[in-house]
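Novice: Just so you know, we're using the numbering used here here: the sequence shown kicks off at 2 and counts up by one. Even for Gly, the Cβ is constructed at its ideal location relative to N, Cα and C. Shown below is the structure under consideration.
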Amino acid sequence: MFDTEAIRAAHPIADAVEGAGVSLRRSGPRLVGLCPFHDDRRPSLLVYPSTSSWFCFACDVGGDVIDFVGRIRGTGFRETAELLAGPAGSRARRAAAGGGAPPPAVRTLDAHEAAVIEAAASLYAGQYRRSRSARSYLRGRGIGEETAARLRVGLASGGLARRLRGRDGWLDAARRLGLLSGERDTLAGRVVIPDLDARGRATWLTARALGEEEPRYLNLRLPSPLLGLERARAQGAAACLLTEGPFDWLTAGEWGIRAVALLGTHLSRDALAALRSFRRVYVALDSDGPGRRASARIRSELGARATAVPLPGGVHDLSELGRRAGGRSRFLRSLQQAHQGRQDACPTSTQHGRRARAA
């Protein structure tokens, strides 16, 4: 038999849900996100960390981490519990069977999926370059052409199925990832922001609506990364700025600041471990209640290596500041003040041929 309480303790429900590619945001004592089990357009998935449970009021189903992972993987209770039980205390049984660590609860990319994500990013980047309205939208949000090109921003205008047809297994991979619904581009009509590895290849995508319709963002059916982490590591960064959303991250890139984006306010164990690889993390999350609470939790977890960078009064997030006159200078002053007196690194880099100094 399995110790289900130990399994639940070893696998926090919020981490499992985010590992399935669901972005969560805090709403009081619970977290909310788009349900991966139906075509969810308004967040209907509720996650309760305090009780290690979840519920979708549209599907009218819920349960614990075993139920969630089982539904994601299409496995029954026993197989799912066996999968999750290793870290929960069944080491003796695994050793007797000669097995090592159990496989991950959520799959990683296979070769077809990796190729499809890169192909989609390339297609959408070209469509962005040809779209006057998309380029105007980014300019209106303070993001210039050079930054958009460097970070491979795209626009999903359709045609992905045509691009992938004839490649063995690629269409199926695109549908597994949530890039295609039948022949239709799931991200159509949205600005696409890729996460890039150290070689500049796209490994994950998020897509924002050009208007204010919900859902504001759509992601792949994959674990959400710390956006920009691999680029920051590839640059040998000892310090980084931690932002909340994708456009906050783009704004930091426009300003020449090495940044990673949390993509919400939930800090998973994997994200926490990744942030601990930096000597200094400057935290600049949104100024609303969830952002302030998340910032406090992050600084508590990271201890002395985390430093808060307050946003100017009346500014909700870094992206909003990027649209204001003098926003860059105001933020760099705040960053300088947060860094003042410290002998370690500051997360600035070369931008537009000049040094982005907090001065």
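Exposed or buried, Ser-158, counting other C-beta atoms within 10 Å across all chains shown (16 or more means buried)?
Specialist: That one is buried.
Novice: Could you give the distance in angstroms between the alpha-carbon of Leu-273 and the alpha-carbon of Leu-303?
Specialist: Rounded to the nearest angstrom, the two C-alpha atoms are 8 Å apart.
Novice: Between the beta-carbon of Leu-206 and the beta-carbon of Ile-118, is there less than 8 Å?
Specialist: Contact flag set, yes.
Novice: How far does the alpha helix (DSSP H) with Leu-230 in it reach, from first residue to last?
Specialist: Taken as a continuous stretch (DSSP letters only), the alpha helix (DSSP H) holding Leu-230 covers 230-235.
Novice: Using a Cβ-Cβ cut-off of 7 Å (strictly less than) and excluding sequence neighbours within five positions of Thr-187, which residues of its own chain qualify?
Specialist: The residues are Gly-179, Leu-180, Leu-181 and Leu-219.
Novice: So Ala-238 and Asp-249 are in contact, right, with Cβ under 8 Å, and what is the actual spacing, rounded?
Specialist: Rounded, the Cβ-Cβ distance is 17 Å, inconsistent with contact.
Novice: Could you name the residues that DSSP lists as bridge partners for Pro-195?
Specialist: BP columns for Pro-195 point to Leu-206.
Novice: Let me check understanding here. Comparing Cα to Cα, which of Glu-215, Ala-15 and Leu-242 lies closest to Leu-228?
Specialist: When only C-alpha atoms are compared, the closest one is Leu-242.
Novice: How long is the line joining the alpha carbons of Asp-173 and Thr-266, rounded to whole angstroms?
Specialist: Cα-Cα distance, rounded: 32 Å.
Novice: Cα-Cα, which of Ser-123, Ala-309 and Ala-112 is closest to Trp-171?
Specialist: Of the listed residues, the one whose Cα sits closest to Trp-171 is Ala-112.
Novice: To the nearest angstrom, how far is the alpha carbon of Thr-349 from that of Arg-217?
Specialist: So the alpha carbons of these two residues sit roughly 29 Å apart.
Novice: Under three-state DSSP, which class holds Phe-248?
Specialist: Note: Phe-248 maps to helix in three-state DSSP.
Novice: Where do the ends of the alpha helix (DSSP H) carrying Arg-200 lie?
Specialist: Careful: Arg-200 lies outside any alpha helix (DSSP H) and carries neither H nor E.
Novice: Does the count of Cβ pairs from the segment 281-292 and the segment 40-50 closer than 8 Å reach three?
Specialist: They do not touch, by the three-pair rule.
Novice: Per DSSP, what are the beta-bridge partners of Ser-54 in this structure?
Specialist: Looking at the DSSP assignment, Ser-54 forms a beta bridge with Tyr-49.
Novice: Under the criterion of a Cβ to heavy atom distance below 7 Å, does Leu-47 qualify as lining the ligand SAH?
Specialist: In terms of ligand content, the structure shown is empty, and the ligand SAH therefore cannot be addressed.
Novice: Sort out for me which residues DSSP pairs Thr-308 with in a bridge.
Specialist: DSSP output for Thr-308 lists Tyr-283 as bridge partner(s).
Novice: Need the endpoints of the beta strand (DSSP E) that Leu-32 sits in, please.
Specialist: Here the beta strand (DSSP E) through Leu-32 covers 31-34.
Novice: Do you know offhand how far Ala-240's Cα is from Ser-278's?
Specialist: The alpha-carbon atoms of Ala-240 and Ser-278 are separated by roughly 9 Å.
Novice: Whole angstroms are fine: how far does the CA of Glu-6 sit from the CA of Glu-83?
Specialist: Looking at the two C-alpha atoms, the distance is approximately 14 Å.
Novice: Mapping the DSSP letters down to three states, classify Ala-116 as helix, strand or coil.
Specialist: Helix.
Novice: Suppose contacts are defined by Cβ-Cβ distances below 8 Å. Is Leu-322 in contact with Gly-328 by that definition?
Specialist: A contact, by the Cβ cut-off of 8 Å.
Novice: DSSP on Ile-258, reduced to helix/strand/coil?
Specialist: It is a strand residue.
Novice: Tell me, please, which residues DSSP counts as bridged to Val-62.
Specialist: Note: Val-62 sits in a beta bridge opposite Cys-57.
Novice: Which of helix, strand or coil does DSSP assign to Gly-327?
Specialist: Three-state DSSP puts Gly-327 in coil, outside helix and strand.
Novice: Let me confirm a value: Gly-141 is counted as buried when at least 16 other C-beta atoms fall within 10 Å, else exposed. Which label applies?
Specialist: Burial call: exposed.
Novice: Identify whether Ala-7 lies in helix, strand or coil by the three-state DSSP scheme.
Specialist: Helix, per DSSP.
Novice: Comparing C-alpha positions only, which one of Leu-223, Leu-221, Ala-199 and Phe-332 sits nearest to Ala-235?
Specialist: When only C-alpha atoms are compared, the closest one is Ala-199.
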